[in-house]
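This report concerns only the one structure given below.
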Amino acid sequence: PDESVWGALLGACKAHELPHLRKVAAQRLLELTPNMVGTYVMLSNIYAAEGEWG
1 PDESVWGALL GACKAHELPH LRKVAAQRLL ELTPNMVGTY VMLSNIYAAE GEWG
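Start counting the sequence shown at 1; every next residue gets the next number (UniProt numbering).
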């Protein structure tokens, strides 16, 4: 799958509260698009909403 599929899966994991799958999707997305700022912003928003800072 390409980055758009992993990004969609990451968003779905947030919506359906699937932290284990979210980690896999996030890792794969970061591997595919390490310089894409939007990926980091999305992850930051997800972690902030879940209170997972640090």
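Ideal Cβ positions, reconstructed from N, Cα and C, are used throughout, including at glycine.
Since this is a predicted model, take the numbers as computed values, not measurements.
- A Cβ-Cβ distance of about 4 Å is found for the pair Leu9 and Ala25, placing them in contact under the 8 Å criterion.
- With fewer than 16 other Cβ atoms from the protein chains shown falling within 10 Å of its own Cβ, Gly38 counts as exposed.
- The beta carbons of Trp6 and Arg28 sit about 5 Å from each other, so the pair counts as a contact at 8 Å.
- When the beta-carbon positions are compared, Leu32 and Asp2 come within less than 9 Å of each other.
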